[in-house]
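Asks:
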Amino acid sequence: MKTIAAILFLAVLALAGHRKSFVKVLPSRAASFFFLTGTEFLLVGYLLGDSFLGILDAATLDQVRPFLIVGLGWIGLLAGIQLEWKALGMFGRTSYLWILLYGCCVLFLVSVGLYGLFHIWFPSDPQLGLAVAVLAVTALCTAQASIALWMQHVSKQKRPLGLMLQFVSSVNDVIAIVLFGLLVGFYQPAQGGIGLPLLPLQKFVLSLLLGALMGLLLLILFRRRLGEVDKVLIVIGLVLFGGGMAYLLGISPLLLHLVAGMVLANLSLKSEETFQLLMCIERPLYLIFLMIAGAYLRIGSPLVVLLAVAYALIRALSQGVAGRVFLRRAFPDAENPPTRALGWGLTSQAGLGVALAVHFHLWIADPSSLPILNITFSVLLLAILLNELISPFGLAYVTKEK
Amino acid sequence: MTHLFVLIVLVLLQGLLLKGFPQAFSLVEVQLTLNFGFLLLAAYLFGEWTARIRLPKLTGYLFAGILLGPDVLGYFSRESLVSLGFIDELALAFIALSAGLELRMQDLRKQWRVLSGLIVGIPVTVFCTIFSFLYFALPQLGLLPALPPAQRWILAALLGTLAIARSPSSTLAVIKECKARGEFSESVLCVTVVMDILVIILFSLFLTLVGATGTAAVTHADDLWVKIPAELALSLLLGFFLAWFMSVYVKYIKTEGIFFLLCVAFLVTRLTHAFAGTSEAVIGFSLHLEPLLICMSAGFFLQNLFKKGAFYETTIDQSFLPIFVVFFALAGTGLSLEALGSMWQWAMLYAGIRILGVFLACHGTMRVLGAPFRRGNLYGMSFITQAGVSIGLAGLIPRSYPEGGEVLFTLLLAVIVINQIVGPIAFKFALVKSGEAKGVARKPVGRSARS
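Chain order of the listed sequences is A and B. Mapping the first sequence onto my numbering, position 81 (from 1) lands on 81, and the numbers just tick up by one. Mapping the second sequence onto my numbering, position 195 (from 1) lands on 195, and the numbers just tick up by one.
#1: Does the segment 141-156 of chain A come close enough to the segment 50-69 of chain A to have 3 or more Cβ pairs within less than 8 Å?
#2: Output the distance between the C-alpha atoms of residue 4/B and residue 15/B, rounded to the nearest integer angstrom.
#3: To the nearest angstrom, how far is it from the Cα of residue 228/A to the Cα of residue 318/B?
#4: Taking the C-alpha atoms as reference points, what is the distance between residue 352/B and residue 136/B?
#5: At the level of alpha carbons, what is the spacing between residue 376/B and residue 111/B?
#6: For a contact meaning CB atoms closer than 7 Å, what does residue 333/B contact in chain A?
#7: Determine the direct distance from the alpha carbon of residue 67/A to that of residue 341/A, and round the result to whole angstroms.
#8: Quick one: is residue 298/B near chain A, going by C-beta distance under 8 Å?
#9: Please classify residue 85/A as buried or exposed, where buried requires at least 16 other C-beta atoms within 10 Å of its C-beta.
#10: Got a sec: which bits of the segment 241-262 of chain B sit with their beta carbon under 7 Å from any beta carbon on chain A, in order along the chain?
#11: For residue 180/B, name the three-state secondary structure that DSSP assigns.
#12: Between the segment 354-369 of chain B and the segment 379-386 of chain B, do at least 3 Cβ pairs fall closer than 8 Å?
#13: If you measure beta-carbon to beta-carbon, which residues of the segment 86-106 of chain A are closer than 9 Å to chain B?
#14: If you reduce the DSSP assignment to three classes, tell me which class residue 370/B lands in.
#15: Residue 240/A and residue 40/B: beta carbons closer than 8 Å?
#16: What is the DSSP secondary structure of residue 165/B, counted as helix, strand or coil?
#17: So the alpha helix (DSSP H) residue 160/A belongs to, where does it begin and stop?
#18: Please state if the CB of residue 293/B and the CB of residue 197/B are separated by a distance shorter than 8 Å.
#19: Which chain B residues are close to residue 55/A, counting only those with a beta carbon under 7 Å from its beta carbon?
#20: Let me see if you follow: with CB-CB separation under 8 Å, is residue 94/B close to chain A or not?
#21: Mark residue 138/A as exposed unless 16 or more other C-beta atoms lie within 10 angstroms of its C-beta, in which case mark it buried.
#22: Between residue 335/B and residue 417/B, is the Cβ-Cβ spacing less than 8 Å?
#23: List the whole-angstrom C-beta distance separating residue 45/B from residue 6/B, where the pair is believed to meet the contact cut-off of C-beta under 8 Å.
#24: Would you check if the distance between the CB atom of residue 296/A and the CB atom of residue 359/A is smaller than 8 Å?
#25: CA-CA distance, residue 296/B and residue 274/B?
#26: Tell me the DSSP secondary structure of residue 243/B in three-state form.
#27: Give a yes or no on whether 8 Å exceeds the smallest Cβ distance from residue 38/B to chain E.
#28: Output the distance between the C-alpha atoms of residue 235/A and residue 121/A, rounded to the nearest integer angstrom.
#29: Examine chain B for any beta-carbon lying closer than 8 Å to the beta-carbon of residue 245/A, and answer yes or no.
#30: With DSSP run on the structure shown, which of helix, strand or coil describes residue 218/A?
#31: Kindly indicate which three-state DSSP category residue 208/A falls into: helix, strand or coil?
#32: Under DSSP, the alpha helix (DSSP H) around residue 278/A begins and ends at which residues?
#33: Taking the Cβ atom as the reference point for each residue, do residue 414/B and residue 347/B lie within a distance shorter than 8 Å?
#34: Which residue's Cα is closest to the Cα of residue 42/B: 55/B, 61/B and 54/B?
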């Protein structure tokens with residue numbers, strides 16, 4: 001347990017240092033963007049992990065698994081609470097169709113590209129399909145916070161572009177969580193003694209039902225006039241309970257809490273308050289989450305680096321191509337129609353991408369599973385780092401002045 | 001009604017999961033998520049319900065713990081509660097820090113006469129009352145094998161000392177819940193904190209005497225004379241350095257307060273555990289640093305010496321509810337109904353005599369100071385609670401008295417259960433009557449209500 005104390009202590013130092021120095025000192029906007037998104041904590045976690053310092057060793061990581069489960073629930077709730085129908089309808093219904101097509105196109109292109117690539121090294125691996133599916137679904141995720149951060153520094157005329165990007169990102173995030181929820185249903189949890197023996201679709205429906213129930217419970221409890229501290233307690237309690245329940249039943253806590261968040265967002269008048277409440281605690285929680293995820297990262301063989309670079313490139317190319325074909329049509333009523341290169345602005349992957357990677361690691365892959373699954377996890381995390389590095393260039397290209 | 005509905009849904013869900021996956025509840029992932037979340041929510045909802053019937057929320061948290069714990073519904077086994085132990089330690093560190101922050105020298109100086117009167121009066125009177133009762137009545141009770149007079153004397157002294165112990169955490173929880181601010185609540189908290197330290201010193205002293213009379217399994221009786229002052233001094237010193245570190249954090253960083261406090265609490269609890277092992281290897285006997293004392297003194301120094309308490313007070317105010325709920329719900333799961341059931345008559349008698357001693361002390365002190373009789377009643381109601389330190393020290397008795405020690409421990413646990421249930425209710429009542437409970441709407445009573 002002393003290692004947990006060490007990581008928490010380091011987190012404070014890192015956080016404090018990051019706030020007080022890095023952001024102000026770094027000369028390049030792209031570099032400071034990398035630090036602002038907090039992605040460097042993946043590297044901090046990697047350094048603390050078994051690969052380097054060994055402070056976050058395997059035994060300690062086993063002990064902090066509950067924290068990861070709670071983190072997943074928190075991220076799901078946060079994603080769900082932003083899905084208010086009224087707000088989502090601002091670009092018209094047809095835009096959903098085009099964004100859905102964009103998502104399908106990215107999914108298809110990434111799947112084909114990665115299948116071909118993985119087939120070279122793992123030709124007859126039974127888990128090849130799963131590895132490719134996980135990477136393809138995660139390719140849909142985009143960090144909305146990164147877009148929002150970038151948009152703070154562009155001219156006012158370009159701000160609507162940021163809204164469009166965030167809108168596409170939020171719809172794609174939902175698609176990714178739903179698909180991942182389905183994917184989880186196909187596999188019995190790695191740990192013995194847990195998981196319901198149900199069909200994938202049944203598990204999926206169960207996730208939706210339990211999510212709706214959690215949302216309703218939140219709604220009922222929030223109906224009364226409550227202090228902020230009471231609300232924090234209720235949210236923490238329900239996320240813990242829901243996360244534990246999902247783990248026990250072998251369903252996705254992200255999906256469960258996404259539904260709970262959606263119920264709250266659309267049926268409660270206080271959803272904005274709840275969102276602010278979640279955001280207050282989000283940053284430290286997210287940073288610890290990133291560090292623990294980073295500690296799981298293994299870059300032992302050059303193959304991981306190669307596959308990560310290839311994955312990042314295939315994803316970026318797919319987004320560019322799919323964006324060029326579909327996204328321009330998604331916003332026909334916009335005053336300033338977006339450029340054809342809109343897809344390039346969606347390369348940042350942190351946040352939900354890391355969450356899905358961790359979800360995959362906790363629910364499906366574990367150290368005793370097949371090498372391809374462990375490689376997939378590391379490829380995913382490394383690619384997220386790479387995507388964070390290239391995303392400022394993509395966003396700069398999309399938002400450049402004519 | 002809504003609370004009851006949510007509670008029923010949660011209890012049903014948890015019950016179903018417990019029935020469907022009995023083995024999985026031994027996994028730490030499940031214990032620290034599902035079990036912890038369930039306990040947090042259920043205890044909170046219980047607390048809200050008890051608040052409606054004008055009882056302290058803390059009583060609700062305790063009842064939730066008792067009801068869901070291993071003795072009644074069995075939603076939490078004793079094994080599963082072990083993994084939640086570190087949360088309990090963290091919560092205690094938060095509470096101790098908060099208690100230290102509440103002690104402001106400038107306010108305490110104003111009422112030094114009351115404070116010194118109570119700090120002297122209560123221990124002396126309570127000790128004498130319990131001591132004389134046990135010394136003379138213990139042989140008649142037939143709970144213990146016959147002891148020689150010298151050992152009976154020491155045992156009565158040990159139990160008399162235990163009776164002085166109070167519960168700073170319960171006191172603070174009720175003060176926070178009632179949003180009480182004023183001379184009365186501050187003096188109660190200060191006396192409670194000082195008495196806890198006094199109890200630790202006195203208890204260790206008498207334990208040394210147990211060793212000296214050759215009764216007990218205490219092996220390092222001589223070391224205790226060095227050990228206890230060293231432990232207290234080191235704890236205070238560490239508290240000072242912690243306060244300095246925390247003041248530096250406020251000066252230069254002043255952000256993510258909850259996160260930082262969590263780290264501090266973690267560091268203190270882990271360091272104290274590690275220190276015991278290291279000291280044994282280095283100096284030959286283990287020094288147990290007291291996290292409660294470290295955090296309490298850190299809070300005190302932070303408030304009065306470094307003048308940076310405001311930031312942490314605000315931070316703790318934003319997060320105290322989950323901490324109190326978990327801490328007292330876990331305390332509830334640990335309260336032994338079995339012990340209470342087996343010796344409730346003796347326990348009631350013991351608790352009654354202790355309360356009598358407390359009231360005598362408070363009335364005597366107020367009389368000497370020339371304060372009104374009512375004030376003595378209010379103070380009397382405020383010093384009944386007992387919890388953590390008492391349980392910890394009571395646990396040492398069976399080690400010192402292998403024959404009959406277990407029976408005494410059970411009796412003490414039963415007394416603590418009674419005090420922990422009655423104490424917060426009485427204290428809340430006293431706070432309301434004193435007029436310092438800003439967070440409690442006073443219900444009009446008597447004539448004014450009828451009119």
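Glycine included, C-beta positions come from ideal geometry on N, C-alpha and C.
Replies: So, from the listed chains and residues:
#1: no
#2: 16 Å
#3: 8 Å
#4: 17 Å
#5: 15 Å
#6: None at all; the shortest Cβ gap to chain A is about 16 Å.
#7: 39 Å
#8: no
#9: exposed
#10: 253, 255, 256, 259, 260 and 262
#11: strand
#12: yes
#13: none
#14: coil
#15: yes
#16: coil
#17: 159-185
#18: yes
#19: Going along chain B, no residue has its Cβ under 7 Å from residue 55/A, so there is no contact; the nearest lies around 13 Å.
#20: no
#21: buried
#22: yes
#23: 6 Å
#24: no
#25: 20 Å
#26: helix
#27: Among the chains of the structure shown, chain E does not appear; the protein chains present are A and B.
#28: 45 Å
#29: yes
#30: helix
#31: helix
#32: 271-296
#33: yes
#34: 61/B
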